[in-house]
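Quick notes on the structure that follows.
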Amino acid sequence: MAEASATLRFVRMSPRKARPVVDLIRGCPVNDALALLKFTPRAAARVVQKVLLSAVANGQQAGKEIGDVDELRVSQAYVDVGPTLKRFQPRAQGRAFSIHKRMSHITIAVAPVEAKAKKKAKD
Numbered sequence: 002m003a004e005a006s007a008t009l010r011f012v013r014m015s016p017r018k019a020r021p022v023v024d025l026i027r028g029c030p031v032n033d034a035l036a037l038l039k040f041t042p043r044a045a046a047r048v049v050q051k052v053l054l055s056a057v058a059n060g061q062q063a064g065k066e067i068g069d070v071d072e073l074r075v076s077q078a079y080v081d082v083g084p085t086l087k088r089f090q091p092r093a094q095g096r097a098f099s100i101h102k103r104m105s106h107i108t109i110a111v112a113p114v115e116a117k118a119k120k121k122a123k124d
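Each number in our numbering comes from the position in the sequence shown (counting from 1) with 1 added on.
What follows is the structure in structure tokens.
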């Protein structure tokens, strides 16, 4: 079975904030996932939408038989933790608090919808 994927690495977004958006679209048909992302009021939704469109475009490249967009679903979608930028915020009386600017790696894979297996009739 053909599968196409796209990965966006080193996104300056916390994985904790990106995961709920990715969880929304996992297992959905691509058209439904795009509609969900369009109306999701989160900054991560725009980034995930771009990765999803990239995965669909990767599947339509020459040499891959992935099919029409209407027949695709999100087979895999996950967010991994990227590197963390560590910064210091000066505070009162010579102290410094650490600030962690987190990064994410977002991966989405699309695959054709499998035909439902026919039930075997009892003899």
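The beta-carbon is built from N, C-alpha and C at its ideal position, and this holds for glycine as well. On a predicted model such as this, the values are computed, not experimentally measured, just so you know.
| query | For valine 111 versus valine 75, is the C-beta distance shorter than 8 Å? | reply | Stepping through the sequence shown from its first residue, residue 111 is reached at position 110. Stepping through the sequence shown from its first residue, residue 75 is reached at position 74. The Cβ atoms of valine 111 and valine 75 sit closer than 8 Å to each other.
| task | Return the CA-CA distance between alanine 45 and glycine 95, expressed in angstroms with no decimal places. | result | What you label residue 45 is simply residue 44 of the sequence shown in a count that begins at 1. What you label residue 95 is simply residue 94 of the sequence shown in a count that begins at 1. Spanning the two alpha carbons is a distance of roughly 36 Å.
| message | Taking the beta carbon of glutamine 62 as the centre, do at least 16 other beta carbons fall within 10 Å, making it buried, or is it exposed? | response | Counted from its first residue, the sequence shown places residue 62 at position 61. By the 10 Å Cβ count, glutamine 62 comes out exposed.
| query | Hey, how far is the Cα of alanine 78 from the Cα of leucine 86? | reply | Here residue 78 is taken as the residue at index 77 of the sequence shown, counted from 1. Here residue 86 is taken as the residue at index 85 of the sequence shown, counted from 1. So the two alpha carbons sit approximately 25 Å from each other.
| said: In the DSSP assignment, the beta strand (DSSP E) including arginine 10 goes from what residue to what residue? | reply: In the sequence shown, counting from the first residue as 1, residue 10 sits at position 9. Taken as a continuous stretch (DSSP letters only), the beta strand (DSSP E) holding arginine 10 covers 5 to 12.
| said: So, does the region 7 to 17 touch the region 26 to 34, judging by three or more C-beta pairs under 8 Å? | reply: They do not touch, by the three-pair rule.
| query | In chain order, what residues of the same chain have a beta carbon less than 8 Å from the beta carbon of asparagine 59, not counting five sequence neighbours either side? | reply | Counted from its first residue, the sequence shown places residue 59 at position 58. Apart from the 5 residues on each side of it in sequence, asparagine 59 sits with its Cβ closer than 8 Å to the Cβ of Ala5, Ser6, Ala7, Lys65 in its chain, given in chain order.
| field | Bridge partner(s) assigned by DSSP for valine 111 | value | Here residue 111 refers to the residue found at position 110 of the sequence shown. Note: valine 111 sits in a beta bridge opposite Ala5, Val75.
| field | Cβ shell of lysine 102 (< 6 Å), same chain only, five flanking positions each side left out | value | Taking the sequence shown and counting its residues from 1, the one referred to as residue 102 is at position 101. Within the same chain, and ignoring the five residues on either side of lysine 102 in sequence, the residues whose Cβ sits closer than 6 Å to its Cβ are Leu86.
| task | Starting from the C-beta of valine 82, find all residues in its chain whose C-beta is less than 6 Å away, skip the five residues before and the five after it, and write them out in chain order. | result | The residue you call residue 82 lines up with position 81 of the sequence shown. Same-chain partners within the cutoff: Pro16.
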